[in-house]
Amino acid sequence: MKSYRILGLALLWLASIPVVGAEHDEMAIELDQYVKKAVKKGIPGASLAVVINGDIRLLRGYGVTEKGGKDKIDSATVFPLASISKTFASAAVSILVDQKSIEWDTHVVPYLDNIEFSDPLLGKDVTLRHLLSHTTGLVPQAYSDLLEDNVKYTRILQMLDRVKFVCDPGKCYGYQNVVYNLAADMLALAVGMDYPTFVQENIFIPLEMDHASFGMEGFKETENRVTPHVKVKAGFAPVKPAPYYYRVPAAAGVNASAQDLSKWMLAQFGHNPSVLQPPLLEIMHKPHIRANQYRYRAKLSNVYYGLGWRTFDYKGISGFVHHGGWVKGIRTEMLFNRHTQTGMVFLTNCETDVAREIVLHFLKLYRQRFEVKETDT
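So the sequence shown is residues -21 to -1, 1 to 356, counted in mature numbering (1 follows the signal peptide of the UniProt record, and there is no 0).
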């Protein structure tokens, strides 16, 4: 496993200050200032990681874990990741594919004998690859509302046969949470252990993601964690963590810190081939289906979904990979360009447009930093 510059990063994490002074650290400094201003303007807190040319250049926390409290956010503070969790599901499946325990094109039915689809002829064509690329053909966001209404996951699965197909499997994009989590059920059946345990043993531990966990229990067991906040007239008010999306761990079950996700980003760059080999990363980062439902789409081009990741171009620059997450009182963003091994993680304990805006700000800074090199090549 590649060293993370253990001594230097340990000092960095303890002090929670950015690494500056190296060549071309302007991006890290600009992003640092951007988040500082957002906290001054009223968001309770945030955590930021910046990786440039494959090196971690900044890890820092901002503000407080709960408005009115004294506990500061640092780079080890844990946030619910919401839909960034989907990136771990595709990685976990890729590990099993590499081990030949399952195939990308394994059919959901009859592999999962408890699943029935509304159209058996179309349903028999749905594969694991379709689950992870949101191309099952089912109505988008099927039964996400039931999760939020506290209906048990097992009960929701019994109603999947009522969900209509809007296209043939593989032919259209339709974002899912409940259906996406069938990938976790297939993985558990393939390896004979539950999905969270598999991810813990095969991803979190070997990547030294020391603060990462699954579920509400894992979140509450972490002392250094944030409190979610929602927008109110007076600014932001703390709320209890929402339990519902934890019921679909492959879709939204992971908790982690900016430290953890900086290591996750390095793994996406191929720095840890013992965990994720480059050929598997190519499959996950490869565009699979054009994704029209994407809040940044007006600013981007060639927007697609891969396996657990979104991909796009920005003003003629290719190679961007992204996923965001939302759950009540929390916003999360992870974005990188795999060609230059440069990216950003932004986590905040409130529902705010800053999460969207910092993604666009990163892209603007990235273009300023790399445009000449991209053009020259």
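Cβ atoms here follow ideal geometry from the backbone N, Cα and C, with glycine treated the same way.
Using the Cα positions of residue i and residue j, report the straight-line distance between them to the nearest angstrom.
{"i": "Y345", "j": "R36", "result": "14 Å"}
{"i": "A163", "j": "N156", "result": "11 Å"}
{"i": "P207", "j": "L100", "result": "44 Å"}
{"i": "D140", "j": "W305", "result": "27 Å"}
{"i": "V14", "j": "T85", "result": "44 Å"}
{"i": "N271", "j": "Y152", "result": "8 Å"}
{"i": "K103", "j": "A7", "result": "48 Å"}
{"i": "V211", "j": "P222", "result": "21 Å"}
{"i": "D124", "j": "H302", "result": "21 Å"}
{"i": "T66", "j": "K49", "result": "33 Å"}
{"i": "E2", "j": "N32", "result": "At E2, the pLDDT of 45 sits below 50, so the modelled position is not reliable; the number obtained from the coordinates is stated separately. Spanning the two alpha carbons is a distance of roughly 11 Å."}
{"i": "R108", "j": "W83", "result": "5 Å"}
Start and end of the beta strand (DSSP E) containing residue i?
{"i": "E330", "result": "Premise fails: E330 is in no beta strand (DSSP E) and is neither H nor E."}
{"i": "Q35", "result": "First, the residue type needs correcting, since residue 35 is Ile and not Gln in the sequence shown. Here the beta strand (DSSP E) through I35 covers 34 to 42."}
{"i": "A235", "result": "233 to 235"}
With which residues is residue i paired in a DSSP beta bridge?
{"i": "W288", "result": "In DSSP, W288 forms no bridge with anything."}
{"i": "H302", "result": "M313"}
{"i": "M323", "result": "V29, L314"}
{"i": "A216", "result": "V209"}
{"i": "K51", "result": "V43"}
{"i": "P59", "result": "N234"}
How many whole angstroms separate the CB atoms of residue i and residue j, which I take to be in contact at a CB cut-off of 8 Å?
{"i": "G285", "j": "K265", "result": "5 Å"}
{"i": "N181", "j": "V57", "result": "Contact doesn't hold; Cβ gap of about 20 Å is too wide."}
{"i": "P59", "j": "P217", "result": "No, P59 and P217 are not in contact; Cβ-Cβ is about 14 Å, not under 8 Å."}
Taking residue i as part of the alpha helix (DSSP H), name the residues at either end of that continuous run.
{"i": "V18", "result": "5 to 19"}
{"i": "M263", "result": "257 to 264"}
{"i": "P175", "result": "174 to 178"}
{"i": "A162", "result": "161 to 170"}
{"i": "G197", "result": "194 to 200"}
{"i": "D98", "result": "No alpha helix (DSSP H) holds D98; DSSP gives it neither H nor E."}
{"i": "D77", "result": "65 to 77"}
{"i": "Y90", "result": "87 to 90"}
Starting from the Cα of residue i, find the closest Cα among the options and give me that residue.
{"i": "S236", "options": "G287, G249, F198", "result": "F198"}
{"i": "Q78", "options": "V233, S253, G149", "result": "S253"}
{"i": "D34", "options": "I268, T114, R317", "result": "R317"}
{"i": "G149", "options": "P258, A216, H267", "result": "H267"}
{"i": "A28", "options": "T331, T311, E330", "result": "T311"}
{"i": "Y293", "options": "H250, L339, A71, T327", "result": "L339"}
{"i": "T44", "options": "L326, L107, D147", "result": "L326"}
{"i": "R226", "options": "A213, R289, P258, Y159", "result": "Y159"}
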